[in-house]
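Q: Numbering (this note's numbering), first residue to last: 128 to 354. Yeah, the Cβ is synthetic: ideal placement off N, Cα and C, and Gly gets one too. A quick note: this is a predicted structure, and the numbers were derived from the prediction, not measured.
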Amino acid sequence: MLTCFESPIFKCYQIFNDEVVATFTATAPSPQRDLYHLQVLKDKIIWRSWRITSRNEADKYSPTQLVESFSGFKQNEQLRDSSYYGEKYWQLDFLPRMPPSILKRIINFLDAEDIVNLGRSCKSIFEICNSDDVWRAVYCRYHKEPPSEVVRELAEKYGWKRVFFTNKLKLQLQIRRLRLNRGQPAGDEAANDKINNVASGKTPTLMDSQSQHPQKAYLRGFANLES
């Protein structure tokens with residue numbers, strides 16, 4: 128570890144120019160309320176602890192200090208006690224800590240229902256699982272042809288997630304309404320053929336799958352666009 132701090136890059140940009148690299152303070156998990164202080168230097172680690180007790184027992188305990196090298200700190204069994212870090216020591220949830228780009232690549236391998244369930248795990252993942260980039264990729268995965276200009280316009284207005292979970296009939300009605308708002312004929316043969324081509328793909332909509340999966344009923348709100 129000492130050679131890392133002696134690197135020319137660290138010296139050039141004056142990284143860790145001081146002797147003290149980092150300092151951390153914390154309180155032990157309940158029921159204990161002991162205080163801990165961790166100081167990381169360039170060549171060693173200093174661990175200090177203060178025992179918090181009642182006034183009658185305060186004279187029995189004094190602050191302790193432990194100085195270890197980096198390798199010795201890892202091998203010290205005393206510092207692995209759960210009373211310092213809690214019972215969930217090193218039990219980290221890695222998904223929320225992943226970069227969004229990597230998490231989106233993982234989501235691309237999931238089904239639509241699994242993406243919705245994953246988005247309910249925490250706020251940061253919810254924002255990624257409901258992003259237009261994710262649901263545009265899901266839409267293209269379930270449809271053979273790329274989305275047309277009309278579908279892209281609907282997605283800009285309602286979002287790709289709502290367009291994906293909309294059944295074929297509702298999608299046709301919304302496309303016709305959008306064409307009328309733009310002053311285009313909604314009943315010509317070319318438009319109808321284009322509408323049928325857009326909605327002809329077998330999309331796993333909730334209305335089709337609720338009979339087989341009753342647990343998806345909570346997603347009923349995504350089955351329709353604004354009427």
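Can you tell me whether arginine 233 is buried or exposed, with buried defined as 16 or more other CB within 10 angstroms of its CB?
A: Locating residue 233 in the sequence shown gives position 106, counting from the first residue. In the sequence as presented, arginine is not what sits at residue 233; that position holds isoleucine. By the 10 Å Cβ count, isoleucine 233 comes out exposed.
Q: Could you give the residue range of the alpha helix (DSSP H) that holds isoleucine 252?
A: In the sequence shown, the residue the question calls residue 252 occupies position 125. Here the alpha helix (DSSP H) through isoleucine 252 covers 250 to 256.
Q: In whole angstroms, give me the CA-to-CA distance for asparagine 203 and isoleucine 173.
A: The residue you call residue 203 lines up with position 76 of the sequence shown. The residue you call residue 173 lines up with position 46 of the sequence shown. Those two C-alpha atoms are separated by around 13 Å.
Q: Identify whether aspartate 161 lies in helix, strand or coil by the three-state DSSP scheme.
A: Position 34 of the sequence shown holds residue 161. Looking at aspartate 161 - three-state DSSP - the assignment turns out to be coil, as it is neither helix nor strand.
Q: Have a look at arginine 268 and proline 223 and give me their C-alpha separation to the nearest angstrom.
A: Locating residue 268 in the sequence shown gives position 141, counting from the first residue. Locating residue 223 in the sequence shown gives position 96, counting from the first residue. So the alpha carbons of these two residues sit roughly 25 Å apart.
Q: Would glycine 246 be called buried (16 or more neighbouring beta carbons within 10 Å of its own) or exposed?
A: Position 119 of the sequence shown holds residue 246. Buried, by the Cβ-count rule.
Q: When burial is assigned at 16 or more other CB atoms within 10 Å of the CB, is isoleucine 229 buried or exposed?
A: Residue numbering aside, residue 229 sits at position 102 when the sequence shown is read from its first letter. With fewer than 16 other Cβ atoms within 10 Å, it is exposed.
Q: Report, in whole angstroms, the separation of the C-beta atoms of proline 227 and isoleucine 255, which I expect to be a contact under 8 Å.
A: Within the sequence shown, the letter at position 100 stands for residue 227. Within the sequence shown, the letter at position 128 stands for residue 255. Confirmed, about 6 Å.
Q: Can you confirm whether isoleucine 255, when its beta carbon is compared against all beta carbons of chain D, has any partner nearer than 7 Å?
A: Absent here is chain D; the protein component of the structure consists of one chain.
Q: Going along the chain, which residues of its own chain have a beta-carbon closer than 7 Å to the beta-carbon of asparagine 257, five neighbours each way excluded?
A: Along the sequence shown, one-based indexing puts residue 257 at 130. If we look at asparagine 257 and ignore the five residues flanking it on each side, its Cβ neighbours are Gly246 and Lys288.
Q: In this structure, how does DSSP classify serine 176 when only helix, strand and coil are distinguished?
A: Numbered from 1 along the sequence shown, position 49 holds the residue referred to as residue 176. Serine 176: strand per DSSP, three-state reduction.
Q: How is the beta strand (DSSP E) around leucine 281 delimited, first residue to last?
A: As a working note, residue 281 is residue 154 in the sequence shown. Where leucine 281 is concerned, there is no enclosing beta strand (DSSP E), although the alpha helix (DSSP H) it sits in stretches over 276 to 285.
Q: For the alpha helix (DSSP H) containing alanine 149, list its first residue and its last residue.
A: The count along the sequence shown starts at 1 and reaches residue 149 at position 22. Where alanine 149 is concerned, there is no enclosing alpha helix (DSSP H), although the beta strand (DSSP E) it sits in stretches over 147 to 154.
Q: How far does the beta strand (DSSP E) with leucine 193 in it extend, from its first residue to its last?
A: For the purposes of this step, residue 193 is taken as residue 66 along the sequence shown, with counting starting at 1. Looking at the DSSP string, the run of the beta strand (DSSP E) that includes leucine 193 is 191 to 195.
Q: Would you kindly check if the distance between the Cβ of histidine 164 and the Cβ of threonine 180 is under 7 Å?
A: Working through the sequence shown from its first residue, we reach residue 180 at position 53. Working through the sequence shown from its first residue, we reach residue 164 at position 37. No. Outside cutoff.
Q: For valine 265 and isoleucine 302, which I take to be in contact (beta-carbon distance under 8 Å), what is that distance rounded to the nearest angstrom?
A: Start at 1 with the first residue of the sequence shown, and residue 265 comes out as number 138. Start at 1 with the first residue of the sequence shown, and residue 302 comes out as number 175. The pair is not a contact, with the Cβ atoms about 20 Å apart (cut-off 8 Å).
Q: Are the CB atoms of threonine 154 and serine 176 nearer to each other than 7 Å?
A: The sequence position of residue 154 within the sequence shown is 27, counting from 1. The sequence position of residue 176 within the sequence shown is 49, counting from 1. No, they are not a contact pair.
Q: For the alpha helix (DSSP H) holding arginine 263, just list the boundary residues, first then last.
A: Position 136 of the sequence shown, counting from 1, holds the residue named residue 263. Taken as a continuous stretch (DSSP letters only), the alpha helix (DSSP H) holding arginine 263 covers 259 to 269.
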